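Report on the structure given below.
Residue numbers (mature numbering (1 follows the signal peptide of the UniProt record, and there is no 0)): -27 to -1, 1 to 511.
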């Protein structure tokens, strides 16, 4: 009987040992990339050593670049890059999978080495900057011989590991014609974290495994910094109010979705806040906070709730502000709803006094804003991006008294350049966080605008003060041809002496104002004459 008890106890200890081993391993896997230090997860020695080896090799490559002979970015950018300390960078890794090899996909183009690889390593030198900005991508292959790795221009590591720099497709062809092309080196930059998908030959039941983005940020690996705080996977797993899935008027892509408000004999201040996000890896909690901060600023300046439309990433729960009813947040994926709304506002002569448009999106170096990767394929399709040309079309000859564009995103100066001296945008004034070749950092520009509390200050004066506040870029502004926008953000004159009292502002300017019938009819006739000019008779 005693022998049976010993045997049972031994078996129980064995089972508990196996369970504990499985629990620890699963904990290691689930903790990858979730803002936990690798050294705190109890990971296997082999994987931890491999990860450190890759991280060290990637940083060594970046830190020792020859900036006089750089081929995937500008010499100026290179000189800034090599000075960034490792602790200020983030590292993203897609570790080898037993299900197959990986393919890295960019929203704005293909990689030259587009065959499959067993791992992907990405160095983000500017984790506090808005995408797009320069990132360095490496492909890793296992079981390679040293001479074959070096023949392909790779870096040979231990145990048959070969790390190769990933380049844009046809990048070298662009470099050969560099003397005839503007910003040739910028065309070779990789400015977004790639989406890393699994390419598997297995049956379609592995579809969701194949659609998952396997690239994860690793905190405090081999001296790299802590990852940025992201929204949870549950928050970003799908589009809230999907127009394809939810066949309802509430989820349509027309202006009825956002209930564009233009009432008879009433003129109002209107605002559109757009923050695209693109995907979970580029849509941090700080971007959601920017939307909230701008909404609060608009409400402080008298904008009615019904006249502020918020578009954020894949959507979010209603925004709660003390003293207000919940404010609905639409998905930025509803591009047509955004455009229909802006066009409706701009085509209605009696609708808008001051129109404020705020952008805080991931952006391409041509100024195109990325919205949301609705189908999770990593590629920016027409309905997932908002080019500058379309924005200009939507604001063309806008009937609002003044249009204030506040752009806090990388390459925002490109948008200012497009609107400068435009004859079709004489009432548009554009404020950007930086020049056409600069990144947007740390939400500096947004915080400056959202924290402004002066109700009598011209928007241009607010902008001028931003030059002393924004430290990492050079804010710019531009106007359409013959523009004379000299007003507060809610359309009041800002050069009066003495300034308006709070009571006068409420009565004459804040929110909405009633229009006399005669004035309303005159505006309608003026608008018709402008849109449909009469022909001279001969």
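All C-beta atoms in this analysis are idealised placements derived from N, C-alpha and C, irrespective of residue type, glycine included. Computed from a prediction, not measured in an experiment: that's the story for all the values here.
* Asked: Going by beta carbon distance, what residues of the same chain come within less than 7 Å of residue 45, once the five residues before and after it are set aside?
  -> 140, 144, 161, 162
* To do: Please name the residue in 82, 405, 75 whose C-alpha comes closest to that of residue 88.
  => 75
* To do: Return the chain-ordered list of same chain residues with a C-beta closer than 7 Å to the C-beta of residue 444, the five sequence neighbours on each side being excluded.
  => 417
* **Rounded Cβ spacing between residue 377 and residue 240 (contact assumed at less than 8 Å)** => Residue 377 to residue 240, Cβ: 16 Å. No contact.
* Quick one: Cα of residue 450 to Cα of residue 386, how far? -> 8 Å
* Asked: Per DSSP, residue 73 forms a beta bridge with which residues?
  -> 70
* Asked: Is the stretch 244 to 258 touching the stretch 332 to 341 in the sense that three or more CB pairs, one from each, lie closer than 8 Å?
  -> yes
* **Burial state of residue 296 (16 or more Cβ within 10 Å)** => exposed
* To do: Mind reading off the beta-carbon distance from residue 516 to residue 106? Whole number of angstroms is fine, and I expect it under 8 Å.
  => A query on residue 516 cannot be resolved here, the shown segment of the chain reaching from -27 to 511 and no further.
* Beta-carbon proximity list for residue 90, same chain, < 7 Å, skipping 5 on both sides -> 74, 75, 112, 113, 114
* Give the C-beta separation of residue 326 and residue 453 to the nearest angstrom, bearing in mind that I take them to be a contact with Cβ-Cβ under 8 Å. => Not confirmed; about 18 Å, so no contact.
* Asked: Going by DSSP, which residues form a beta bridge with residue 413?
  -> None, per the DSSP bridge assignment.
* Asked: Does the pairing of the stretch 261 to 281 with the stretch 483 to 490 give three or more beta-carbon distances under 8 Å?
  -> yes
* Asked: Which residues mark the beginning and the end of the beta strand (DSSP E) in which residue 438 is found?
  -> That residue, residue 438, is in no beta strand (DSSP E); its alpha helix (DSSP H) goes 432 to 442.
* Asked: Mind checking residue 340: buried by the 16 CB within 10 Å criterion, or exposed?
  -> buried
* Buried versus exposed, by CB contacts within 10 Å (16 or more), residue 116 -> exposed
* Using 10 angstroms around the beta-carbon of residue 100, count the other beta-carbons present and answer buried if the total reaches 16, otherwise exposed. => buried
* So which of 312, 27, 355, 71 has the shortest CA-CA distance to residue 127? -> 27
* Out of curiosity, what's the CA-to-CA distance linking residue 237 and residue 323? -> 8 Å
* Asked: What residue from 495, 433, 54 has the CA that sits closest to residue 466's CA?
  -> 433
* To do: Determine, using beta carbons only, whether residue 375 and residue 460 come nearer to each other than 9 Å.
  => yes
* Keeping to the same chain, check which residues put their C-beta closer than 8 Å to that of residue 172; ignore five residues upstream and five downstream. => 73, 74, 75, 76, 89, 183
* Any idea what DSSP makes of residue 323, helix, strand or coil? -> coil
* Leaving out the 5 sequence neighbours to the left and right, which residues in its chain are closer than 7 Å to residue 129 when beta-carbon positions are compared? -> 119, 122, 123, 135
* Asked: In whole angstroms, what is the alpha-carbon distance linking residue 251 and residue 286?
  -> 7 Å
* To do: Scan the stretch 354 to 383 and note each continuous beta strand (DSSP E) run of 3 residues or more that stays entirely inside, going in chain order.
  => 375 to 380
* Quick one: grab the DSSP three-state call for residue 15. => For residue 15, the predicted structure reports a pLDDT of 40, less than 50, and the residue's modelled location is therefore unreliable. The matter cannot be settled from this model.
* Exposure of residue 304, with buried meaning 16 or more beta-carbon neighbours within 10 Å -> buried
* Ignore the nearest five residues each way along the sequence and tell me which others in residue 480's own chain have a CB closer than 7 Å to its CB. => none
* Measure the beta-carbon distance from residue 330 to residue 245 and round it to whole angstroms, keeping in mind my assumption that it falls under 8 Å. => 5 Å
* Asked: At which residues does the alpha helix (DSSP H) containing residue 392 begin and terminate?
  -> 386 to 392
* Answer yes if the stretch 62 to 70 comes into contact with the stretch 186 to 204, meaning at least three C-beta pairs across the two stretches below 8 Å, and no otherwise. => yes
* Asked: Going straight from the alpha carbon of residue 557 to that of residue 108, what length do you get?
  -> For the chain, the structure presents residues -27 to 511; residue 557 sits outside this window and is missing.
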